[in-house]
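Chains as they are written, first to last, in my numbering: chain G, 59 to 561; chain V, 59 to 561.
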């Protein structure tokens, strides 16, 4: 009985303390004066140039590529090392100032908005590629290193990093948001490709999530590496991957690399129906073809792409495919896939090997976002992000298209169909409150349709600001309570990117 | 300042409470009488047959396949459903009784020993395969379903589950210990193949780690499925995978399935040196050959296998390889790999397609454990489990063999070389305290050698009982503190499998 009572008591104690701290942190006037007071300490850590109060800089760091309105931080700091990040975090922690990590600002869910003001940690000055090990297929990078920067650094090594969300995002930002994209069907998402993280916690503590990391190898004392597999204690790496800056600041990530494929073939194929395109996808995966990319575009999307890129693809559901492998295995992969698409009524199967034709084929897919925007000049775009079991994809896409038409909304569909993940690129007039409301209600219906099909409200963009309520519906109160308790354990003052992921 | 003080205070409050609770839980006499008191409640939950005090049953549930001594629980319960697991857990929670989940007892690190007595939850009566979705490549299983049982269930579907730790373990147990094995180099470990878990927490709360799960699909109301990808909130799934029963009881797992390969080819190749075998492995991986298995056996291991299975492989470092794919891609995979092995001085490259010859080829690898034991009849075996970056593998294996010889120890080496993970199968006389001590010191030296090479003390077997101190050395005090705080958050009374993973 005694146990029962105490067990019931302690969370209450902790929570009441947290609430008091939260109130202090969110008091606007009080906070601004606190910020003014700590500026000298910030400057002593990362220099005069490392601290900015300029309105332009703060505005620039208060928004990402989503439609969420800009929420500028009180100040932006530019640390140059993990020790500076840690020192700055300690100051923020002591003074209860919110901390918002910032990579490249290419997120799509409002993840960098300073909802409660505070200090934006821009990590662009930490941009070194560290410890490349070709033999071990791994590399460690600082948060300022982007996906494209890493791949050009790797160009002559025969290796590459395949996760490709489209934007040239910071790799640590991609870790924080668990990015994925078009290659995930073959190479996995960030989650499957991160071997270790260096993280600065809310109180400034520096940890490595998988082994101490940076352990000098006694043959090459200046180098470090990482074992490909480990089963040592709780998996901290995956707790921070996808935590969207709410549990800590990722200051280093060790990534798994892959051999650059000997050859690449791209293909495009048109289908009489969504069902036919999805059936082909399932059968291609089932047949064991190690397809690298398999992207779906609906008729509206293809039409937009034709107009935007002066192409002439048939205006029907379409698959864009990419195959990686040896010359010989590619021939087989392409033949098997073409047979499958033909059995499902696919036509105009065009494929290309040379880079120029390949990039022309893929141009439509790569320009989809701009093609959608061009449908209504002067409008903004917002991408939905549901993901469902493959078998449910035709049904949800058909119902969603009916919903779009019924509500007079423009939302061409592009999807990573191999994962069951698709996006409606909602093109909307930000100055039309009625349309904004209709889009809002549509995206909620779409998410609930996905949940009803055992799907998720976010396959890759994350929860950020806009999906916190949907997350509760998806996970259920009990699992949310577990997430909440993990957050309170690692960040008891709720300083790390407050107001994101959890409500 | 106020914040700083309180932040410093609250963990102290919580900890002192936890310590008091721990003391109560570990009092032996007190606990036994508590157990007697709750037996009627246990019986009312899972029936007379569902509760056992028999010494034989308790002994059987107090040990796994490791050399750790048997630690029987006070009582073994056999729940038949997640609701019974939850009801039993609530009783244990109210009375501060330790809970030890038990699958098949095939663990290798003493994970099931009841270090503080308490209640063993044997999950063998929950043995249903649920919700198979061939089109979605997923299946959900209860904890009593083993790896082999699932694959025979799947036989006619064209799908299979590839993770293969050797033993016919329970799939939920494999999730709890993050098992991997010989196929991991191509298909990943449990971590990469678990889509959702149903977990009962220490207080009896039931959660799903990735979406509510068991959500009726409105087309087939009795079925459920799972999206292949999700990015919704913190990754609870991977927090429980590998937690070794210390955070909750896994009562259901949804697994990713794969198409059964059209064809399989096995091969064996001998090498002049460890370096040559490892270089071949790295080059095969680098060349993009999607190798399914690549196993290393050292000369001592091969010699033992030759004797045990009346084979005649050259007594040199040897690789066993397996390729999965289409007839045509296999030919190319095998040719590429054979060329690479030849460039590295590999010889006697034998390969086989038909099942009978394949299983004869692999017999040596599959019987390695027994072959090692046969080296010293009447002795026991203990498998070390370090994992290092591939580039460090030759050096650590060479140094480890020297160490074995210098200390007169029998420890043939078999390894999942594609992952940098290898095992010394230590054959030891359990009645020779001096040898036990030498083995103990050797395994510590081996683990520290791996850590010095940025490796891990456990690639797949987990921490369990014997590696808790090494885990601290590997992770560092700060990361261990984070793990400890996660444990205290999810299990404040330290009831879940106490004394494992963390000290």
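Ideal Cβ positions, reconstructed from N, Cα and C, are used throughout, including at glycine.
Taking 7 Å as the limit between beta carbons, can you name the residues of its chain near residue i, skipping five residues before and five after?
i                      : result
residue 433 of chain G : 362, 468 and 485
residue 460 of chain G : none
residue 217 of chain G : 192, 195, 315, 316, 317 and 318
residue 505 of chain V : 444, 515 and 528
residue 438 of chain V : 125, 486 and 488
residue 144 of chain V : 258, 262 and 264
If you count every other CB in all the chains shown that lies within 10 Å of the CB of residue i, and 16 or more means buried, which is it?
i                      : result
residue 86 of chain V  : exposed
residue 106 of chain V : exposed
residue 555 of chain V : buried
residue 412 of chain G : exposed
residue 284 of chain G : buried
residue 158 of chain G : buried
residue 400 of chain V : exposed
residue 279 of chain G : Model confidence at residue 279 of chain G stands at a pLDDT of 42, short of 50, so the residue's coordinates are unreliable; what they give is reported in the following sentence. That one is exposed.
residue 464 of chain V : exposed
residue 509 of chain G : buried
residue 456 of chain V : exposed
residue 222 of chain G : buried
residue 550 of chain G : buried
Here's a check: name, in chain order, each residue in its chain whose Cβ is nearer than 8 Å to the Cβ of residue i, leaving out the five neighbours to either side.
i                      : result
residue 276 of chain V : Annotation note: pLDDT 43 at residue 276 of chain V (below 50); position unreliable, no value reported.
residue 511 of chain V : 446, 447, 450, 453 and 454
residue 353 of chain V : 240, 377, 378, 379, 423, 472, 473, 474 and 475
residue 113 of chain G : 130
residue 553 of chain V : 83, 150, 151, 154, 155, 156, 157, 176 and 260
List the whole-angstrom C-beta distance separating residue i from residue j, where the pair is believed to meet the contact cut-off of C-beta under 8 Å.
i                      : j                      : result
residue 425 of chain V : residue 367 of chain V : 6 Å
residue 405 of chain G : residue 328 of chain G : 5 Å
residue 501 of chain G : residue 442 of chain G : 5 Å
residue 252 of chain V : residue 203 of chain V : Actually they do not touch by this definition, with Cβ atoms about 14 Å apart.
residue 340 of chain G : residue 375 of chain G : Not a contact, Cβ separation roughly 14 Å.
residue 137 of chain V : residue 184 of chain V : 7 Å
residue 225 of chain G : residue 164 of chain G : 4 Å
residue 151 of chain V : residue 262 of chain V : 6 Å
residue 544 of chain G : residue 544 of chain V : 7 Å
residue 311 of chain V : residue 229 of chain V : 6 Å
residue 307 of chain V : residue 536 of chain G : Not quite, the Cβ-Cβ distance comes to about 15 Å (not below 8 Å), so this is no contact.
residue 289 of chain V : residue 517 of chain G : 6 Å
Within 9 Å of any Cβ in chain G, is that where the Cβ of residue i sits?
i                      : result
residue 286 of chain V : yes
residue 501 of chain V : no
residue 319 of chain V : yes
residue 191 of chain V : yes
residue 296 of chain V : yes
residue 519 of chain V : yes
residue 249 of chain V : yes
For chain V, check one thing: does any of its Cβ atoms lie closer than 9 Å to the Cβ of residue i?
i                      : result
residue 532 of chain G : yes
residue 212 of chain G : no
residue 354 of chain G : no
residue 316 of chain G : yes
residue 387 of chain G : yes
residue 515 of chain G : yes
residue 263 of chain G : yes
Using a Cβ-Cβ cut-off of 6 Å (strictly less than) and excluding sequence neighbours within five positions of residue i, which residues of its own chain qualify?
i                      : result
residue 482 of chain G : 442, 469 and 471
residue 520 of chain G : 167, 235 and 302
residue 155 of chain V : 176 and 177
residue 382 of chain V : 319, 322 and 350
residue 530 of chain V : 538
residue 88 of chain G  : none
residue 497 of chain V : 484 and 486
residue 237 of chain V : 223 and 248
Can you find a CB in chain B that lies within less than 9 Å of the CB of residue i?
i                      : result
residue 538 of chain V : The structure shown contains no chain B; its protein chains are G and V.
Inspect the CB distances between the stretch 401-417 of chain G and the stretch 314-331 of chain G and report whether three or more fall short of 8 Å.
Between the stretch 401-417 of chain G and the stretch 314-331 of chain G there are three or more inter-stretch CB-CB distances shorter than 8 Å, so the stretches are counted as touching.
Check whether the stretch 433-444 of chain V and the stretch 169-181 of chain G touch, using three or more Cβ-Cβ pairs below 8 Å as the test.
No contact exists between the stretch 433-444 of chain V and the stretch 169-181 of chain G.
Assess contact between the stretch 214-230 of chain G and the stretch 217-226 of chain V, defined as three or more Cβ pairs (one per stretch) separated by less than 8 Å. Is contact present?
At 8 Å Cβ cutoff, the stretches do not touch.
Indicate whether the contact test is met: 3 or more Cβ pairs, each with one atom in the stretch 112-120 of chain G and one in the stretch 129-149 of chain G, closer than 8 Å.
Yes, since at least three Cβ pairs between the stretch 112-120 of chain G and the stretch 129-149 of chain G fall closer than 8 Å, the two stretches touch.
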